[in-house]
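Order-wise, the sequence lines are chains A and B. Mapping to numbering that gives the first Met the number 0: the first sequence position 42 is 41, numbers consecutive. Mapping to numbering that gives the first Met the number 0: the second sequence position 179 is 178, numbers consecutive. Beta carbons: idealized from backbone N, C-alpha and C, even for Gly. Being a predicted model, the structure only gives us computed values, none of them experimental.
There are 2 protein chains.
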Amino acid sequence: MTEGSLTLDRGLALLQAVADAGGDAATISELAVTIGASRAAVYRLLVPLSERGLVWRDGNKVRLGVGLLRLAGQVLPQLREAAQPVLRALAEAVGATAHLSVAQGPQAQAVAVVEPSWTNFHVAYRVGTRHSLTSGAAGKAMTLRPGGEGWVTSSGELEAGASGVAAPVRGVPGLRASVGVVSLEPLDAATVGPQVVAAAASLTAVLRSPNDS
Amino acid sequence: MTEGSLTLDRGLALLQAVADAGGDAATISELAVTIGASRAAVYRLLVPLSERGLVWRDGNKVRLGVGLLRLAGQVLPQLREAAQPVLRALAEAVGATAHLSVAQGPQAQAVAVVEPSWTNFHVAYRVGTRHSLTSGAAGKAMTLRPGGEGWVTSSGELEAGASGVAAPVRGVPGLRASVGVVSLEPLDAATVGPQVVAAAASLTAVLRSPNDS
DNA sequence: GAAATGTGTCCGCTTAACGGACAATTTTGT
DNA sequence: ACAAAATTGTCCGTTAAGCGGACACATTTC
Numbered sequence: 000m001t002e003g004s005l006t007l008d009r010g011l012a013l014l015q016a017v018a019d020a021g022g023d024a025a026t027i028s029e030l031a032v033t034i035g036a037s038r039a040a041v042y043r044l045l046v047p048l049s050e051r052g053l054v055w056r057d058g059n060k061v062r063l064g065v066g067l068l069r070l071a072g073q074v075l076p077q078l079r080e081a082a083q084p085v086l087r088a089l090a091e092a093v094g095a096t097a098h099l100s101v102a103q104g105p106q107a108q109a110v111a112v113v114e115p116s117w118t119n120f121h122v123a124y125r126v127g128t129r130h131s132l133t134s135g136a137a138g139k140a141m142t143l144r145p146g147g148e149g150w151v152t153s154s155g156e157l158e159a160g161a162s163g164v165a166a167p168v169r170g171v172p173g174l175r176a177s178v179g180v181v182s183l184e185p186l187d188a189a190t191v192g193p194q195v196v197a198a199a200a201s202l203t204a205v206l207r208s209p210n211d212s
Numbered sequence: 000m001t002e003g004s005l006t007l008d009r010g011l012a013l014l015q016a017v018a019d020a021g022g023d024a025a026t027i028s029e030l031a032v033t034i035g036a037s038r039a040a041v042y043r044l045l046v047p048l049s050e051r052g053l054v055w056r057d058g059n060k061v062r063l064g065v066g067l068l069r070l071a072g073q074v075l076p077q078l079r080e081a082a083q084p085v086l087r088a089l090a091e092a093v094g095a096t097a098h099l100s101v102a103q104g105p106q107a108q109a110v111a112v113v114e115p116s117w118t119n120f121h122v123a124y125r126v127g128t129r130h131s132l133t134s135g136a137a138g139k140a141m142t143l144r145p146g147g148e149g150w151v152t153s154s155g156e157l158e159a160g161a162s163g164v165a166a167p168v169r170g171v172p173g174l175r176a177s178v179g180v181v182s183l184e185p186l187d188a189a190t191v192g193p194q195v196v197a198a199a200a201s202l203t204a205v206l207r208s209p210n211d212s
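Set out below in structure tokens:
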């Protein structure tokens with residue numbers, strides 16, 4: 000791999016440092032020592048960050064800006080697009096509606112949904128739907144501890160007569176998510192479970208940047 | 000103002016270009032012409048962006064990464080901290096609970112809440128509460144058209160017996176937000192309204208980066 | 001009132017980024 | 001099936017962009 004841009008890396012380190020400061024924001028001098036650069040460098044780096052609204056000056060402190068919200072708003076749509084093929088394969092194989100959900104605070108939100116093409120009946124699950132992490136297979140899967148079960152099942156928790164199987168997407172830092180299927184009929188967990196786990200694993204594979212160890 | 004870092008600016012322009020591509024992601028060649036740099040430059044810039052999870056390669060396409068979600072998660076806490084003084088002043092002046100809310104999709108979420116110190120009774124409004132944009136003063140204020148009314152009032156829409164006055168935070172690109180007060184007694188809109196508008200304006204002032212025209 | 005800490009800017013030196021060019025690979029067209 | 005066209009990923013010499021020490025000024029601390 001060719002060497003990447005050092006200056007951009009410093010700038011992103013600075014952005015990260017501002018974020019890591021948390022509620023009590025950091026001063027410019029503190030940020031300089033944190034990222035291991037001169038104060039003058041921090042001034043130079045802050046200009047583009049500030050112009051794009053990723054950061055702003057609150058007196059002597061530096062805080063994250065709302066421009067990040069605009070950028071982050073595009074993450075889920077792109078994630079949705081990228082997950083489409085995996086969900087398509089899962090939905091066709093199982094013959095049930097497949098979905099990808101991510102955790103936002105205490106709730107799970109459906110980000111991508113694919114319905115099977117060859118079934119007479121299937122569940123229509125709307126993208127954007129939110130529900131608590133404590134009910135429904137999609138939510139409960141995100142709370143699974145590593146090393147425990149590979150998948151979870153649910154029955155009638157969110158909607159009477161609907162059954163679900165879901166597995167967590169693990170190993171992607173900063174993301175708590177799950178993939179699963181929902182069906183009108185009870186699902187055979189012994190056969191569907193591994194399929195769902197495999198789909199989650201292949202999503203992990205593409206989401207984890209290739210240069211990670 | 001001293002000149003800012005060009006390389007960082009190019010990198011952020013690249014990140015923005017990836018976001019602007021929307022659902023159908025962009026190839027490296029397309030990104031190169033978009034930001035007006037050579038293809039080799041895009042390769043160099045992508046390395047740090049990718050290492051920090053802001054971006055990832057999906058085949059030949061480039062997509063936004065989940066690292067942005069982690070960063071964006073810190074925005075609201077810092078915004079909360081920054082809004083504290085303004086809300087404090089508003090709450091003490093009006094004698095009612097003051098709050099800052101931001102729009103997330105079709106819902107409004109309370110980001111910061113300050114209760115007055117000298118009243119016998121006041122509304123306790125929990126941070127993180129969500130409700131539809133169509134009900135409650137906080138939500139309706141965000142839907143106000145520029146040039147129209149400066150504030151909106153509500154009564155008993157979210158909770159029986161509670162009245163609210165709220166004004167939108169305008170002029171901060173990428174942010175739909177409002178500040179307001181809620182009270183157990185009916186509020187005198189003629190006096191409270193201007194105070195709420197003033198608080199919203201001073202928040203706009205600090206949020207808008209100082210180097211804007 | 002002196003010491004300490006912080007901000008903002010300038011300038012010469014060095015290094016890191018630039019982009020044209022090349023080889024390898026994939027897609028398109030006849 | 002073979003050639004033409006388009007794309008990808010990498011190298012390297014040149015140039016310009018980033019680096020950090022230093023200075024002037026403001027603010028806080030003891």
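- Message: Counting only Cβ pairs nearer than 7 Å, list the residues of chain A close to Q194/B.
- Response: Position 195 of the second sequence, counted from the first residue, corresponds to residue 194/B. Within 7 Å Cβ-Cβ: nothing; Q194/B doesn't reach chain A, min ~23 Å.
- Message: Does the CB of D187/B have a neighbour CB from chain A at under 7 Å?
- Response: Looking up residue 187/B in the second sequence gives position 188. D187/B does not count as touching chain A.
- Query: Between the segment 63-74 of chain B and chain A, which residues of the former have a C-beta closer than 7 Å to a C-beta of the latter?
  - Reply: Under the 7 Å Cβ criterion, the segment 63-74 of chain B contributes L63, V65, G66, L67, L68, R69, L70, A71, Q73, V74.
- Query: Among E158/B, V113/B, A165/B, which one has its Cα closest to the Cα of G138/B?
  - Reply: Position 139 of the second sequence holds residue 138/B. That would be A165/B, whose Cα lies nearest to the Cα of G138/B.
- Item | Contact between the segment 115-130 of chain A and the segment 169-186 of chain A (3+ Cβ pairs under 8 Å) | yes
- Task: Spell out whether any CB of chain B is found under 7 Å from the CB atom of Q77/A.
- Result: By 1-based counting over the first sequence, the position of residue 77/A is 78. It does; some Cβ of chain B falls within 7 Å.
- Per DSSP, which residues does W117/A bridge with? Please list them. Counting from one through the first sequence, the residue named residue 117/A turns up at place 118. Per DSSP, none; premise fails for W117/A.
- Can you find a C-beta in chain A that's less than 7 Å from the C-beta of S4/B? Numbered from its first residue, the second sequence carries residue 4/B at position 5. Cβ-Cβ to chain A under 7 Å: yes for S4/B.
- To the nearest angstrom, how far is it from the Cα of D187/A to the Cα of G163/A? As a first step, residue 187/A is located in the first sequence; it is residue number 188 there, counting from the start. As a first step, residue 163/A is located in the first sequence; it is residue number 164 there, counting from the start. In a straight line, the C-alpha of D187/A is about 10 Å away from that of G163/A.
- Message: Quick check: the Cα distance between E156/B and A109/B, rounded to an integer number of angstroms?
- Response: Walking along the second sequence from the start, residue 156/B turns up at place 157. Walking along the second sequence from the start, residue 109/B turns up at place 110. Their Cα atoms are separated by approximately 16 Å.
- Query: When you compare each of T26/A, D19/A, G160/A, Q83/A to G58/A by their alpha carbons, which one comes out closest?
  - Reply: By one-based count along the first sequence, residue 58/A stands at place 59. Considering only alpha carbons, the answer is T26/A.
- Query: Of all the CB atoms in chain A, is at least one closer than 7 Å to the CB of L143/B?
  - Reply: Numbered from its first residue, the second sequence carries residue 143/B at position 144. No, because no Cβ of chain A sits closer than 7 Å to the Cβ of L143/B.
- Item | C-alpha distance - A269/B paired with W150/B, whole-angstrom precision | As displayed, chain B neither begins before 0 nor continues past 212, which places residue 269/B out of reach and without an answer.
- Task: Spell out whether any CB of chain B is found under 7 Å from the CB atom of V46/A.
- Result: The residue given as residue 46/A occupies position 47 in the first sequence. With 7 Å as the cut-off, V46/A counts as an interface residue toward chain B.
- Message: Between which residues of its own chain and V17/A is the CB-CB distance below 8 Å, once the five residues before and five after are set aside?
- Response: Here residue 17/A corresponds to residue number 18 of the first sequence, with the count starting at 1. These residues qualify, in order along the chain: A24, A25, L30, V54, V61, R62, L63.
- Message: Would R169/B pass as an interface residue toward chain A - the criterion being a Cβ-Cβ separation below 7 Å?
- Response: The residue you call residue 169/B lines up with position 170 of the second sequence. Not an interface residue.
- Query: Shortest alpha-carbon distance to A20/A belongs to which of G21/B, R9/B, V32/B, E80/B?
  - Reply: The residue you call residue 20/A lines up with position 21 of the first sequence. Comparing Cα-Cα distances from A20/A to each of G21/B, R9/B, V32/B, E80/B, the minimum goes to E80/B.
- Tell me which same chain residues have a C-beta within less than 6 Å of the C-beta of V191/A, skipping the five on either side of it? As a first step, residue 191/A must be located in the first sequence, where it is residue number 192. Closer than 6 Å at the Cβ level, and outside the excluded window around V191/A, lie V93, V164.
- Task: State the CB to CB distance for the pair A36/B and R56/B, rounded to an integer number of angstroms; the pair is presumed to be in contact (CB under 8 Å).
- Result: For this step, residue 36/B is matched to residue 37 along the second sequence. For this step, residue 56/B is matched to residue 57 along the second sequence. No, A36/B and R56/B are not in contact; Cβ-Cβ is about 18 Å, not under 8 Å.
- Item | Interface residues of chain A facing A81/B [CB-CB closer than 7 Å] | Residue numbering aside, residue 81/B sits at position 82 when the second sequence is read from its first letter. Neighbours of A81/B on chain A, chain order: D57, R62.
- Run through DSSP, which three-state label would N210/B get? Here residue 210/B refers to the residue found at position 211 when the second sequence is read from its first residue. Here the model assigns N210/B a pLDDT of 45, short of 50, so the residue's position is not dependable, and the following value carries that caveat. In this structure, N210/B counts as coil in the three-state DSSP scheme.
- Query: L99/B by DSSP, collapsed to three states: which one?
  - Reply: Here residue 99/B corresponds to residue number 100 of the second sequence, with the count starting at 1. L99/B: strand per DSSP, three-state reduction.
- Any C-beta of chain A under 7 Å from that of R125/B: In the second sequence, the residue the question calls residue 125/B occupies position 126. With 7 Å as the cut-off, R125/B does not count as an interface residue toward chain A.
- Item | Assigned secondary structure, T142/B (DSSP; H/G/I helix, E/B strand, else coil) | Within the second sequence, residue 142/B is the residue found at index 143, counting from 1. Coil at T142/B, not helix or strand.
- What residues of chain B sit near V205/A, judged by a beta carbon separation below 7 Å? The residue labelled residue 205/A in the question sits at position 206 within the first sequence. What V205/A touches in chain B: D57.
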